[in-house]
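Note that the numbering used here has the sequence shown beginning at 1, numbered continuously upward. C-beta atoms are modelled at their ideal positions from N, C-alpha and C, and glycine is treated no differently. Bear in mind that the values here come from a model prediction, so they are computed numbers and not experimental data. Worksheet for the structure shown next.
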Amino acid sequence: MLKLYNDELSGNCYKLRLFMALLQLPFTRVPVNFHPNREHKEEALLRLNPFGQLPVIDDDGYVLRDAQAILVYLAARYDLQQRWLPIEPQSRGRVALWMAVAEDITRTASAARLHDAFGYDFDVQACRTAAHKLFAHIEDHLADGEAQERHWLAGLAPTIADIACFPYVALAPEGGILLHRYPAIRRWVQRIKALPGFVGMPGIFALGVDAAPI
Ligand SMILES: N[C@@H](CCC(=O)N[C@@H](CS)C(=O)NCC(=O)O)C(=O)O
Numbered sequence: 001m002l003k004l005y006n007d008e009l010s011g012n013c014y015k016l017r018l019f020m021a022l023l024q025l026p027f028t029r030v031p032v033n034f035h036p037n038r039e040h041k042e043e044a045l046l047r048l049n050p051f052g053q054l055p056v057i058d059d060d061g062y063v064l065r066d067a068q069a070i071l072v073y074l075a076a077r078y079d080l081q082q083r084w085l086p087i088e089p090q091s092r093g094r095v096a097l098w099m100a101v102a103e104d105i106t107r108t109a110s111a112a113r114l115h116d117a118f119g120y121d122f123d124v125q126a127c128r129t130a131a132h133k134l135f136a137h138i139e140d141h142l143a144d145g146e147a148q149e150r151h152w153l154a155g156l157a158p159t160i161a162d163i164a165c166f167p168y169v170a171l172a173p174e175g176g177i178l179l180h181r182y183p184a185i186r187r188w189v190q191r192i193k194a195l196p197g198f199v200g201m202p203g204i205f206a207l208g209v210d211a212a213p214i
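Laid out in structure tokens, this is it:
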């Protein structure tokens with residue numbers, strides 16, 4: 001059985017919970033309390049991931065760390081139609097490009113959230129400034145795409161690149177990064193929420209549940 005070492009408040013773990021829900025892939029959660037217990041720095045987790053980070057999966061003995069790497073693995077292993085990680089070379093190149101952007105979003109928008117919501121000692125202004133620079137680029141890319149009927153980051157259909165970038169964009173307001181100046185991003189957020197099988201997490205609500213639109 002596929003196991004996810006998981007904290008419900010981690011956007012990186014949520015990427016995987018969301019993708020597995022979209023694939024209708026059963027899995028079990030192994031709770032690792034990230035905050036305040038810092039269980040990700042304990043021996044049991046460090047044996048699986050020497051970086052002391054979530055998420056990690058164990059798929060019948062195959063252990064893999066890093067949310068982006070795990071998305072690639074899950075898509076290659078379980079998406080039999082290969083829709084989420086297309087094999088056509090240019091599409092696959094674009095997916096890899098936006099997966100790299102997801103890492104940049106983690107380093108900036110997620111860091112600002114860790115500062116505001118979990119008390120991490122980061123230079124939050126620098127994180128927010130860098131996140132806004134990224135978001136302005138994503139906004140332009142999505143707005144250009146809409147003009148050409150391309151509604152997803154890497155092409156005409158959603159891919160794991162959208163799943164990788166989505167959580168820390170949607171959670172950005174928790175780090176003081178408001179999305180009102182990014183209308184194309186907000187429309188993309190709504191499109192992801194409309195995907196069949198979508199699940200939310202604390203701070204990311206399903207369509208129709210939002211207390212206030214982001
Ligand atoms: N590149 C890693 C980053 C993972 C990451 O930053 N995880 C957070 C939880 S959301 C973590 O465990 N942070 C603890 C640390 O970096 O020491 C990934 O995408 O999985």
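Please state whether the Cβ-Cβ distance between residue i and residue j is less than 9 Å.
| i | j | result |
| --- | --- | --- |
| residue 124 | residue 203 | no |
| residue 74 | residue 23 | yes |
| residue 87 | residue 5 | no |
| residue 95 | residue 85 | yes |
| residue 168 | residue 100 | no |
| residue 104 | residue 134 | yes |
| residue 68 | residue 164 | yes |
| residue 54 | residue 7 | yes |
| residue 188 | residue 142 | yes |
| residue 209 | residue 197 | no |
| residue 59 | residue 77 | yes |
| residue 174 | residue 113 | yes |
| residue 185 | residue 139 | yes |
| residue 191 | residue 151 | yes |
| residue 48 | residue 110 | no |
| residue 35 | residue 52 | no |
| residue 25 | residue 166 | no |
| residue 83 | residue 159 | yes |
For residue i, count neighbouring C-beta atoms within 10 Å of its own C-beta (all shown protein chains included) and say buried if the count is 16 or more, exposed if not.
| i | result |
| --- | --- |
| residue 42 | exposed |
| residue 207 | exposed |
| residue 148 | exposed |
| residue 50 | exposed |
| residue 10 | buried |
| residue 12 | buried |
| residue 213 | Since pLDDT at residue 213 reaches only 48, below the 50 mark, its modelled position is unreliable, and no value is offered. |
| residue 178 | exposed |
| residue 157 | exposed |
| residue 62 | exposed |
| residue 108 | buried |
| residue 28 | exposed |
| residue 71 | buried |
| residue 93 | exposed |
| residue 118 | exposed |
| residue 1 | exposed |
| residue 136 | exposed |
| residue 46 | exposed |
| residue 194 | exposed |
| residue 126 | exposed |
What is the C-beta distance between residue i and residue j, in whole angstroms, given that I count them as a contact (C-beta under 8 Å)?
| i | j | result |
| --- | --- | --- |
| residue 30 | residue 3 | 5 Å |
Hey, could you find the ends of the beta strand (DSSP E) residue i is sitting in?
| i | result |
| --- | --- |
| residue 56 | 56 to 59 |
For the alpha helix (DSSP H) that contains residue i, what are its first and last residues?
| i | result |
| --- | --- |
| residue 5 | Unbroken run through residue 5 is the beta strand (DSSP E), 2 to 6; no alpha helix (DSSP H). |
| residue 185 | 183 to 193 |
| residue 20 | 11 to 23 |
**OP:** Enumerate, from N- to C-terminal direction, the unbroken alpha helix (DSSP H) stretches of 4 or more residues contained entirely within the region 65 to 121.
**Re:** Segments of the alpha helix (DSSP H) lying fully in the region 65 to 121: 67 to 78, 89 to 105, 111 to 118.
**OP:** Please specify which runs of the alpha helix (DSSP H), each continuous and at least 4 residues long, are wholly inside the region 118 to 167, giving them in chain order.
**Re:** 124 to 147
Original post:
Which residue spans inside the region 25 to 50 form an unbroken beta strand (DSSP E) run of at least 3?
Top reply: 28 to 31
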